[in-house]
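Using this note's numbering, the final residue of the sequence shown is 247, and nothing's skipped along the way. Each residue gets a CB set at the ideal place from its N, CA and C atoms; glycine is no exception. These numbers were taken from a predicted model, which means no experiment stands behind them. To keep things clear, I will list the structure first and then write my remarks on it.
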Amino acid sequence: MSRSKEQGGDAIDRSDKSLRLHGTIARDLGIAIVTGKYPPGHVLTSEVDFAERNHISRTAYREAIRILAAKGLVESRPKAGTKITDPSRWHILDPDVLAWTFEGEPSQAAIDDLFELRLIIEPAAAEIAATRRTGAQLAQMGHALEEMAKHTLASPLGQAADQSFHTTLLKATGNMALISLASTISAAVRWTTIYKQRKRKLPRDPLPDHRVLFDAVADGDGPAARAAMQKLIELALADIDPPARA
2 MSRSKEQGGD AIDRSDKSLR LHGTIARDLG IAIVTGKYPP GHVLTSEVDF AERNHISRTA
62 YREAIRILAA KGLVESRPKA GTKITDPSRW HILDPDVLAW TFEGEPSQAA IDDLFELRLI
122 IEPAAAEIAA TRRTGAQLAQ MGHALEEMAK HTLASPLGQA ADQSFHTTLL KATGNMALIS
182 LASTISAAVR WTTIYKQRKR KLPRDPLPDH RVLFDAVADG DGPAARAAMQ KLIELALADI
242 DPPARA
């Protein structure tokens with residue numbers, strides 16, 4: 002992976018050609034921010050210096066900063082420059098910010114917070130979905146299970162199916178406020194699954210837990226769906242570095 006670095010820090014990763022340049026810059030700086038390379042209060046290199054040292058247009062850098070500002074990671078003020086904000090202002094549930102966080106080594110507190118959020122939202126959503134799901138949504142969830150079994154969660158296709166399963170479940174609630182959280186939950190499911198497999202294989206097959214949940218939703222059994230989802234999430238959390246939790 003090639004990386005063009007400016008003297009003193011700020012860098013851009015041009016390895017992903019699918020991203021437009023300003024998106025690449027935003028991603029690279031975003032990772033540096035959420036992983037602590039640039040701490041709160043740090044002032045980034047000026048627009049002119051960054052552009053000149055990395056041989057890019059000032060417009061590309063400016064657009065990247067706008068992306069980061071929209072996610073609460075930086076703030077720009079005349080004469081004061083662009084400063085990294087306090088983490089309390091970060092949109093940590095933004096799918097991009099979640100992805101950038103897991104590009105590095107997220108803290109245990111960050112992981113626990115994410116799973117705590119899932120435990121608050123998803124069991125209740127599963128209970129509602131069990132009584133409101135449509136036949137089409139049930140078919141989508143069933144297909145996702147088949148894809149997970151076929152490809153396994155060790156593969157991108159299996160992980161995409163896992164995301165689809167959880168997203169469809171939220172949509173099955175018919176609650177627009179819950180549905181609006183689908184991209185966040187989907188990103189959380191994806192990145193925690195990838196994170197679990199960084200240093201070792203998945204410690205167990207989570208597919209049976211998903212099937213128990215699916216059966217409860219298919220049967221229209223709300224309490225059973227809630228319990229199944231809660232167990233699924235608790236086991237997923239336990240899968241992350243279990244020796245440290247012993």
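With residue i as the anchor, note down where its alpha helix (DSSP H) starts and where it stops.
i	result
residue 32	22 to 35
residue 122	109 to 133
residue 232	223 to 239
residue 175	It is not in any alpha helix (DSSP H) - residue 175 carries neither H nor E in the DSSP assignment.
residue 98	96 to 104
residue 209	208 to 219
For residue i, which three-state DSSP category applies?
i	result
residue 181	coil
residue 269	It is not possible to answer for residue 269, since the shown part of the chain is limited to 2 through 247.
residue 57	coil
residue 193	helix
residue 186	helix
residue 80	coil
residue 85	strand
residue 152	helix
List the endpoints of the continuous beta strand (DSSP E) containing residue i.
i	result
residue 73	Note, residue 73: premise wrong, no beta strand (DSSP E); not H, not E.
Please classify residue i as buried or exposed, where buried requires at least 16 other C-beta atoms within 10 Å of its C-beta.
i	result
residue 56	exposed
residue 13	Unreliable positioning characterises residue 13 in this predicted model, as indicated by a pLDDT of 49, which lies under 50. A coordinate reading is not provided.
residue 173	buried
residue 60	exposed
residue 34	buried
residue 165	buried
residue 128	buried
residue 121	exposed
residue 168	buried
residue 148	buried
residue 253	No statement about residue 253 is possible, as the shown extent of the chain runs from 2 to 247 and does not include it.
residue 159	buried
residue 234	buried
residue 238	buried
residue 21	exposed
residue 142	buried
residue 197	buried
residue 230	buried
residue 98	buried
residue 227	buried
If you compare alpha carbons, which of the options is closest to residue i?
i	options	result
residue 93	32, 144, 77	32
residue 1	65, 83, 196, 223	Here the chain has residues from 2 to 247 only, and residue 1 is not among them.
residue 45	206, 36, 66, 236	66
residue 96	216, 115, 236, 207	115
residue 136	229, 218, 240	218
residue 163	43, 144, 109	144
residue 85	37, 222, 23	37
residue 123	88, 179, 54, 98	179
residue 43	87, 50, 138, 52	87
residue 68	47, 49, 91, 51	91
residue 205	241, 110, 49, 23	241
Is residue i near the ligand NAP - that is, is its Cβ less than 7 Å away from at least one heavy atom of it?
i	result
residue 21	Absent from the structure shown: the ligand NAP. Ligands present: none.
(message) Contact between the region 188 to 196 and the region 93 to 113 is defined here as three or more beta-carbon pairs at a separation below 8 Å; is this criterion met?
(response) The region 188 to 196, when compared against the region 93 to 113, does touch it at the 8 Å Cβ threshold.
(message) Count Cβ pairs between the region 21 to 31 and the region 68 to 82 that sit closer than 8 Å; are there 3 or more?
(response) The region 21 to 31 vs the region 68 to 82: in contact.
(message) Quick check: the region 148 to 156 against the region 130 to 140, are at least 3 beta-carbon pairs closer than 8 Å?
(response) No, the region 130 to 140 is not in contact with the region 148 to 156.
(request) Check whether the region 172 to 188 touches the region 199 to 211, taking contact to mean three or more Cβ pairs, one atom from each stretch, closer than 8 Å. (result) No, because fewer than three Cβ pairs between the region 172 to 188 and the region 199 to 211 fall closer than 8 Å, the two stretches do not touch.
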